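Residue numbers (the numbering used here): 1190 to 1645.
We put the beta carbon where it would ideally sit given N, CA and C, even for glycine.
The model shown is predicted, which means the values in this text are computed figures rather than measured ones.
Structure first, commentary second.
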């Protein structure tokens, strides 16, 4: 580690400790811990599952789940996006309630959250668009460009869904206030109906509605957590057992695959779009995680543990968005060096023995990217307020909603199609790339325009 890197690490730790020491006593630190844990688990899972190798001089984009079927069981532990939506429900419920108590506007509330979600992804899009363009013009095979861009931008699917779920918090929270736990049952019932229509009646494309039903159901569990529904650990544990029993039954007697993410060759994916099997996993993880809450919160009273949690949360979107770019960079360098390390067949004993070394390399390449791009995670200054507490420079709702739709469409299309194009002059699907930038601009410059107008 260089002196500069060591100094930056020390500075980052000291800053995180200052923030950690100022945290109010009533703050639920376990929420922050689960957020950090879920993202780090996803990172490790991605680094493990992606298993490219060279055979007969050809690069194969290997997938460990397809090469070694037993590893599909590991996705029950590494597919922890449900925990992130659970934490999102908790946090969104707290912040939206506070926003209403302050008599603030929806625009003020969502603008700040939208910027924190969309800003970190813009430099990622810009860099990979540049790579796709210049790689194509330099004569790199478009299949290679497409594979690299598709792999590096896998994380953006989550943002597309999470932004939409967050945008609808006023409605989902109102439903929670009216129905309580009944709202969770309502979304679960909706997810079951959608799966039946999609799998039994073969109605095309209707299963995409479960991006809403499944993730809203888990997001509502976050509201329940905040309201104290799982204060008794035994109650949470019973829910975890119920979820696990349901999951095993669905896998054993239903059409659902074991893996909680897509596996090459499988006709059905539990995640794209989500199924009730993934919902059952989310209920399982929620129950067992909340059953451990009292123990975990005592552990998080340790200032070093809590500081580490704060440090990771301060750069969590950067870690999530850039970890696969680091992976791709390592693979490219290995390929340029004659395929060093890529001649080992995934799943072999040598392959497993080399995982710690590869992981250290991935971390080493990730750290500079995190240091460089973490500043985009702050989302810019929060919406200003006047002395009487009235919001200034609010983005008009129509502009905010249009920006939201454009950004989410671009992110979703990236996950579905890739920004790299198999034809055309640029080698890039520019219509996909520009949508998140236009969406972000509508919100940012709309706010600046309105603020300038009011001041003037």
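Limits of the unbroken beta strand (DSSP E) element including residue 1249: Residues 1247–1249.
Residue 1409 burial status per 10 Å Cβ neighbour count (16 or more: buried): buried
Three-way DSSP call (helix, strand, coil) for residue 1244 in this model: strand
Three-state class that DSSP yields for residue 1545 in the structure shown: Secondary structure of residue 1545 (DSSP, three-state): helix.
Pick from 1595, 1543 and 1396 that is closest to residue 1457, judged by C-alpha positions: Out of 1595, 1543 and 1396, 1396 has the C-alpha closest to the C-alpha of residue 1457.
CB contact flag (residue 1600, residue 1632, <9 Å): No, the Cβ-Cβ distance between residue 1600 and residue 1632 is not below 9 Å.
Contact set for residue 1229: own chain, Cβ-Cβ below 8 Å, skip 5 residues either direction: 1501 and 1508
CB contact check: residue 1229 to chain B, cutoff 9 Å: Checking the listed chains, one finds no chain B in this structure; it contains a single protein chain.
Coarse secondary structure for residue 1607, derived from DSSP in three states: In this structure, residue 1607 counts as coil in the three-state DSSP scheme.
Assigned exposure category for residue 1462 - 16 Cβ within 10 Å defines buried: buried
Residues that residue 1463 bridges to, as DSSP identifies them: 1460
For residue 1422, the first and last residue of its enclosing alpha helix (DSSP H): 1422–1442
CB contact flag (residue 1609, residue 1339, <9 Å): yes
Residue ranges of each alpha helix (DSSP H) within the segment 1271–1311, 4 or longer: Taking 4 residues as the shortest admissible run, the segment 1271–1311 contains the following complete alpha helix (DSSP H) segments, listed from N- to C-terminal end: 1295–1307.
Segment contact, 8 Å Cβ cut-off, at least three pairs: the segment 1390–1405 with the segment 1349–1363: yes
Distance CB(residue 1431)-CB(residue 1476) smaller than 9 Å: yes
C-alpha distance - residue 1576 paired with residue 1518, whole-angstrom precision: Low confidence applies to residue 1576: its pLDDT is 46, below 50, so where it sits in the model is not reliable, and the reading given next is rough at best. When rounded, the distance between both Cα atoms is 49 Å.
Whole-Å CB distance - residue 1470 paired with residue 1265, under 8 Å assumed: About 6 Å separates the beta carbons of residue 1470 and residue 1265, which is inside the 8 Å limit, making them a contact pair.
Three-state secondary structure (DSSP) of residue 1617: Reduced to three states, the DSSP call for residue 1617 is strand.
Segment contact flag, the segment 1552–1571 with the segment 1302–1317, C-beta cutoff 8 Å, min 3 pairs: yes
Residue 1307 and residue 1628 closer than 9 Å at C-beta: yes
Spatial distance of residue 1368 from residue 1256 (CA atoms): Approximately 46 Å between the Cα atoms of the pair.
Inter-residue Cα distance where the pair is residue 1317 and residue 1372: 40 Å
Cα-Cα separation, residue 1491 to residue 1217: 14 Å
Opening and closing residue of the alpha helix (DSSP H) in which residue 1502 lies: For residue 1502, the uninterrupted alpha helix (DSSP H) segment begins and ends at 1492–1502.
Contact belief for residue 1528 with residue 1331 at Cβ below 8 Å, rounded distance in angstroms: Wrong, their Cβ atoms sit about 21 Å apart, outside the cutoff.
Pairwise C-alpha distance: residue 1239 and residue 1524: 15 Å
Residue span of the alpha helix (DSSP H) that contains residue 1409, given as start and end: 1399–1415
Residue 1468 versus 1543, 1435 and 1443, residue with shortest Cα-Cα distance: 1435
Residue 1511, buried or exposed, once every other Cβ within 10 Å from all chains shown has been counted against 16: buried
Cβ neighbour criterion (16 or more within 10 Å) applied to residue 1444: It counts as exposed.
One or two residues paired with residue 1239 in a DSSP bridge: 1252
Cutoff 6 Å; reference residue 1498; Cβ partners in own chain excluding five residues on either side: 1221, 1222 and 1225
Beta-carbon gap between residue 1356 and residue 1303 smaller than 9 Å: Cβ distance < 9 Å, so residue 1356 and residue 1303 count as in contact.
Nearest to residue 1503 (by Cα), restricted to the options 1559, 1489 and 1341: If we check each option's Cα against that of residue 1503, 1559 comes out closest.
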